[in-house]
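In the working numbering, the protein residues as written are 36 to 171.
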């Protein structure tokens, strides 16, 4: 009975601790960037994410950029994989139901990512933000 009361009290008070905590922790927040977030579902998507993230790890100066891989599955047609950098879609590909050149697709995606990162950084230096829709 005592354990049940403690659990109830903890579950009731715990959300209030997190509501008041952001003001206290705002000065000590740590920003994490340079991540590849894999939201793929199939073997093709996981393999693509594996190859892509191995290339991404080798890139210098990826701070401030997060990559998200999304996959939409179409049962009769295969999957559509979408790659976003900081919420901007830069690459979309289709994987059929049969074997596809996954490694080559990942290489193509990393080259487009490098081009996009260079464009964002160049626009930040020159002050021209018309070429990208990135929210830096």
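Idealized CB from N, CA, C, for every residue including glycine.
All values reported here derive from a predicted model rather than from experimental measurement.
Do the segment 113-127 and the segment 90-97 meet, that is, are 3 or more Cβ pairs less than 8 Å apart? no
By the DSSP assignment, the alpha helix (DSSP H) with residue 83 in it spans what residues? 78-93
Which residues in the same chain as residue 73 place their Cβ atom closer than 6 Å to its Cβ, once the five residues preceding and following it in sequence are excluded? 84 and 104
Is residue 141 closer than 8 Å to residue 87 when the C-beta atoms are compared? yes
Does residue 118 come out as helix, strand or coil in the three-state DSSP assignment? strand
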